[in-house]
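Notes for the one structure printed next.
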Amino acid sequence: MAEEIKNVEARGKRKERVGEVTSNKMAKTIVVRVERRFPHLRYHKVVTAYKKFYVHDEKGEAKPGDRVRIEETRPLSKTKCWRLIEIVQRNTAETSVEA
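Numbering (my numbering) for the sequence shown: 933 to 1031.
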């Protein structure tokens, strides 16, 4: 436990985001949609913007609909520079697959 805390402190400050898994079709990779809300500069209406991140999921444990916490890391491929930290909330809704 103490080694893990020391290791995290040695890494420095890394960006973290919380978002929803939209796809897990790739091997060891998930796609996470992160929502960002902010007031419009001129009109002051609250705007919702979304960004898609490719995230490394070593164990393949995240499923579509799950809320996950991700952390910035070194580039793992051309598009993938985030890794899965934890699954915050599992998707409880049953998705029916039609043939």
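For glycine and all other residues, C-beta sits at the position ideal for the given N, C-alpha and C.
| Asked | Found |
| --- | --- |
| Closest Cα partner of Lys-1012 within the set Asp-998, Lys-960, Lys-945 | Lys-960 |
| Presumed contact (8 Å Cβ cut-off) between Phe-985 and Val-1000, rounded CB distance | No, Phe-985 and Val-1000 are not in contact; Cβ-Cβ is about 10 Å, not under 8 Å. |
| Residue burial classification, Val-987 (beta-carbon count within 10 angstroms, cutoff 16) | buried |
| Length at least 3, wholly inside the segment 939–1024: the beta strand (DSSP E) runs in chain order | 948–958, 961–971, 978–988, 999–1004, 1012–1021 |
| Outcome for Leu-973 when other beta-carbon atoms lying within 10 angstroms are tallied against a minimum of 16 | exposed |
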